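Here the protein sequences come in this chain order: A and B. Just so we're aligned: the first sequence equals residues 1346 to 1880 in the numbering used here. Just so we're aligned: the second sequence equals residues 4 to 533 in the numbering used here. All residues carry an ideal CB built from backbone N, CA and C; glycine is no exception. Bear in mind that the values here come from a model prediction, so they are computed numbers and not experimental data.
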Amino acid sequence: MLRFDSSGKPFIIIRDQDQKERLTGSEARKANILAAMTVANLMKTSIGPLGMDKILVDQDGEVTATNDGATILKNMQVENPIAKLLVELSQGQDDEIGDGTTSVVVLAGALLEESLSLLEKGIHPSKISEGYEKACDIAVKHLLTICDKIEFDKENYESLVLSAKTSLGSKIVNQYTDKIAKISVEAVLAVADLERKDVRFDLIKLEGKTGGTLGDTELIDGIIIPKNFSHPQMPKQIKNAKIAILTCPFEPPKPKTGHKLDIDSVKKYKELLEIEQNYFKEMTDLVKKSGATLVLCQWGFDDEANHLLLQKKLPAVRWVSGTDIELIAIATGARIVPRFSELTEKKLGKAGMVIEKSIGTTDEKMIVIEKCSNTKTVTILVKGGNKMVVEEGKRSIHDALCVTRNLIKDNRIVYGGGAAEISCSVALNKASKEITGIEQYSIRAFSQALLSVPIALASNSGLNSLEAVSEIQLQQLEDKKPFLGIDCLSKGTSNMKEQNVFDTLRGKIQEFLLATQMAKMILKIDDIIRPTGQY
Amino acid sequence: MSEAYQPARILNQGSTQEKAEGARLSNFVGAIALSDLISTTLGPKGMDKILQSPSNLLDSTITNDGATILSSIQISNPAAKILIEISKVQDDEIGDGTTSVVVLAGELLKEAEKLIHKRIHPQTIIKGFRLAKNIALKKLKEIAQDHSENEEDLKKYLKKIAMTIFSTKILTPYKSIFADLAVESILRLKGSTNLESIQILKKTGGLLKESYIEEGFVLDKKLGVGQPKRIENAKILVANTSMDYDKIKIFGSRVVVNSSSKLAEIEEEEKKKMLRKCQKIVDHGINVFINRQLIYNLPEQFFTDHGVVSIEHADFAGIERLSLVTGGEIVSTFDHPELVTLGTAKVIEEIMIGEDKLIRFSGCKEPSACTIILRGSSKQILDEAERSLHDGLAVLSQMVKNPKTVLGAGCTEIIMAQAIEEAAKETSGKIQIAMEAFARALTRIPIIIANNAGYDAEQLVSELKTSHYKGNTTFGVDVMNGKVCDVQELGIIESFLVKKGMLLKASEATEMILRVDHIMYSAPRQRGMN
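The following block contains the structure:
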């Protein structure tokens, strides 16, 4: 872009004009909205129990098949800046809530789509934003009035299982929802502190294993590490193990400062040999002295150290990953010890049972640490016929875990199957009539956009979507029942209370807020500058 | 203005995507092509494939094993990749049925494709398939025979299963010999599934039927020079230690000398150090020393002088097996002879197989150990024989744990298919069509087997169906004679686990592929960037 200063000399405001592509004003906005709608449309077919999956082939040709919105978007490798924002949006919902990652994108897309016609009417984007803001407020307030509370405690967690089932219903695991929902809830309850309403997610480990089917997924009371004992003749089973966790290798130390040790005489050679031998002895002696009966090491061992450990009857596991070490430390109450000299009995962790198990015909072994003394830690061992299924199973279970955690934090729920959205839409329509001015238009648009999720739900379920949604709208209006939703599975009732389909209130509110925020942000952009062609 | 309304491109450059029908089509085409490719290897008269390695044209593999074929073909189609994956898992878990699982999945997808053309929603098809799968599984469990009570019976059935497995492989002509080999070695394991203690040794020369089972353990190594060729009542020290030059493992140490005489001194000391180590080893009171690493001439000489036989460079798997079978621990330090458990063997001797000298350990502590020695005229034949034998051993080892059998020769498939068809009659709605499709896909398996054998498959299988309908539920296809007959009499028996794995994995993969309506390909990673 060229401008001329007072003396007529040109100066450049934006360099290399011809290499940049630029869109401004309404064109920019429309291009952005279009990009957002493209992403939203892509995601629409994944919504609901009858939604479809996507296959993603990454740059190395690895295949991921998934239904999880956040995963699809993350692996899609989008280039368009607006699409990238939507990826972030879905990620935000995933980090915060863990579920509803698809709906939030669809809703944001719908909000933008609706704004397109408002823009054409000549309404200024910031007016639209304000209207959306207001509408979102009203919707959230309405959600608070229609929500229900569910009751549960450590023994009676049936209601939690039901909500986990709603979350799992749309995934490939839905054949085994009963079992997997129960496992998820039990896992969360095992580590949850119901008084403080806190769930420590790091105490739940998700381990995948191919073989069997998803229905063979099991909950293991303890920790699984995919490793085996360092010496084949070490005992495969240790009762009342005292665990020493080391982050230093079983090798003579390697000082970080560079140095050289010169040997110039036979005497020195002998001395050095002795020092070396002593290192190994000292190391194993120190471990033995602390009273440990199992050594977990983050690093490798030398052959000699390995054999010395065997001789001292100290089973050991090498190359345990950092995250596993931390988890074991938390679970068994062990301290992670960086030096042999600092190892004392107090720093050992305790576990009731440590077993090495082998699975299948190939020589794959796993070590199971059970009955940990300190905190309860559980592992969900996800099984499946192929690794793609296992991965998808893990993702689905993660979602179910999140939902359960959210319910423990806040036990309020709204009804699913689009019921909450439709109810909010109806409420917004009513509210819009009492507001004068341009905002009325935006609020109505918001109300329309909210219907996008139930419409997608209905059309994915093979229903006549518009008809089904408007029918529910009418029913909700007449009967004042906010729990009527789309009957996706043709169970013969649109009463979501009876179908036990519900979402967390927290998740739903978050979804509305994030989507609105995103729509506002995109509407505000009026200039896109990007380099064209070659990079 | 026009630019704003162009469809927005949101993906990276080079990325492509396929949507809805396109995606489905590409999935079906890929998966079905793969299953068609492999279906010709199914059954006793199935054909083999030659796999040529891309890097070395002389290196080729001839095989009939589904998992081997699939793992060596390069495929970019995502649905086909899913099928390859299930075959691999089936191989890991059970060991056999790696072809049938892919063929069944392919047939299911073929049926599903037809249904989609009839405008039935994929989710409805999935629902029907699930229902059908559960019925089939239930029926499968019902007809499975349990042989856990009678040990003699079990042995008989194990042999039959092994024969069934081998009859589809290169071992067919000698299936009885190999079945005996497999059963004997499996029974030695006494219920453990640790196939490691069965060693398979391949030696070119001779004929396949000259393969035999060797008591104890055979190590493909030579004894040290000038050492006795036969040792009785051996006490064995199994070690993993360096016997070439024993470096001091202190970081940063190096030898710096200012005269050659000093160098000689240190060298001398180094030698002494090694000899001291040898002395310590000899002090264990052993007469055989086996090391994972190399043994240099100096220590070897020392051992010979002290009447200890040394074997060097036994690789890692060998050393672990040795420690397992002789009961000795793997030793790396030698200061406490009293703490070390030594391995024992009655006789260690050098034997000849063909032209090669090998060391045989017999009368070991662990009686479960044995070695199957495979003979054959070429490397390819031996490799394929090993794969087949491994399949058989894997299935048998699982069988000992779960001794349930079903009938082979397509009999079980027909029973399952008919159970589904029965149930479908009582199910209304589109699900019914999907269930019938599942039954058809199951029926395709005997059809393919008969087809591969060169018979009029449709005719045979329809005859088979009729006889099942008449109540002869033990009937199947006899591919040797091309007629329908009683499978029980033929003794074609398969493991329940193989069939169950096939059914579950194939339907899980089908479901996964059917659920997809969108495929996104990332731009391939740029090669040669760094």
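Distance CB(residue i)-CB(residue j) smaller than 8 Å
| i | j | result |
| --- | --- | --- |
| A:N1420 | A:S1515 | no |
| A:I1758 | A:T1849 | yes |
| A:I1517 | A:I1590 | no |
| A:E1441 | B:S335 | no |
| A:V1451 | A:A1864 | no |
| A:A1455 | A:L1773 | no |
| B:L467 | B:G504 | no |
| A:I1528 | A:L1564 | yes |
| A:R1680 | A:K1692 | yes |
| B:G46 | B:N405 | no |
| A:D1561 | A:E1715 | no |
| A:L1559 | A:K1728 | yes |
| A:S1435 | A:T1446 | yes |
| B:I289 | B:V311 | yes |
| B:V186 | B:K162 | yes |
| B:I173 | B:S381 | no |
| A:K1657 | A:T1629 | yes |
| B:D330 | B:K368 | According to the sequence shown, residue 330 of chain B is Gly rather than Asp. The answer is yes: Cβ separation under 8 Å. |
| A:G1762 | A:G1830 | yes |
Residues sharing a beta bridge with residue i, DSSP
| i | result |
| --- | --- |
| B:F220 | B:F364 |
| B:Q407 | At residue 407 of chain B the sequence reads Lys, which differs from the Gln that was named. Paired residue(s): B:D149. |
| A:L1401 | A:T1409 and B:M523 |
| B:L204 | B:I376 |
| B:S498 | B:T408 |
| A:L1564 | A:I1725 |
For residue i, the first and last residue of its enclosing alpha helix (DSSP H)
| i | result |
| --- | --- |
| B:F132 | P125 to I146 |
| A:N1774 | A1764 to S1777 |
| A:I1483 | P1470 to I1491 |
| A:S1804 | S1797 to N1805 |
| A:Y1624 | V1611 to K1634 |
| B:E332 | Segment: none, B:E332 is in no alpha helix (DSSP H) and carries neither H nor E. |
Bounding residues of the beta strand (DSSP E) (the contiguous stretch that carries residue i)
| i | result |
| --- | --- |
| B:N236 | R233 to A242 |
| B:K349 | G346 to I356 |
| A:F1646 | Segment: none, A:F1646 is in no beta strand (DSSP E) and carries neither H nor E. |
| B:V480 | F478 to D481 |
| B:K22 | T19 to K22 |
| A:E1552 | I1549 to T1555 |
Supposed close pair residue i, residue j - CB separation, criterion 8 Å
| i | j | result |
| --- | --- | --- |
| B:A108 | B:A460 | Going by Cβ atoms, the distance from B:A108 to B:A460 rounds to 20 Å, so no, they are not a contact pair. |
| A:F1791 | A:Y1477 | 6 Å |
| A:A1532 | A:A1453 | About 32 Å separates the two Cβ atoms, so there is no contact after all. |
| A:I1854 | A:L1488 | 6 Å |
| B:K113 | B:M419 | Going by Cβ atoms, the distance from B:K113 to B:M419 rounds to 18 Å, so no, they are not a contact pair. |
| B:K238 | B:L345 | 5 Å |
| B:G494 | B:Y458 | At roughly 20 Å, the Cβ-Cβ gap does not stay under 8 Å, so B:G494 and B:Y458 are not in contact. |
| B:F364 | B:L222 | 7 Å |
| B:I375 | B:L184 | 6 Å |
Within chain A, the residues that residue i reaches when beta carbons sit closer than 7 Å
| i | result |
| --- | --- |
| B:S256 | L1606, I1608 and L1617 |
| B:P231 | Correct list: empty, because the minimum Cβ distance to chain A is about 28 Å. |
| B:D68 | The premise fails here: B:D68 is roughly 14 Å from chain A at the closest Cβ pair, so nothing lies under 7 Å. |
Residue i: contacting residues in chain A (beta-carbon distance under 9 Å)
| i | result |
| --- | --- |
| B:S326 | P1577 and Q1578 |
| B:R133 | Q1520 |
| B:E332 | H1576, P1577, Q1578, H1652, L1655 and Q1656 |
Chain-ordered neighbours of residue i on chain B, where CB pairs are closer than 9 Å
| i | result |
| --- | --- |
| A:D1871 | Within 9 Å Cβ-Cβ: nothing; A:D1871 doesn't reach chain B, min ~12 Å. |
| A:V1450 | Near A:V1450 there are no residues of chain B at all, since even the closest Cβ is about 12 Å away, more than 9 Å. |
| A:V1846 | Near A:V1846 there are no residues of chain B at all, since even the closest Cβ is about 17 Å away, more than 9 Å. |
Chain-ordered neighbours of residue i on chain A, where CB pairs are closer than 8 Å
| i | result |
| --- | --- |
| B:N261 | D1609 |
Contacts that residue i makes with chain B (C-beta to C-beta distance below 7 Å)
| i | result |
| --- | --- |
| A:L1401 | M523 |
| A:E1649 | S335 and T336 |
| A:D1398 | R518 and V519 |
| A:G1730 | I89, V92, L507, K508, E511 and A512 |
Residues that residue i contacts on chain B, provided the C-beta gap is smaller than 8 Å
| i | result |
| --- | --- |
| A:Q1656 | T336, H339, L342 and V343 |
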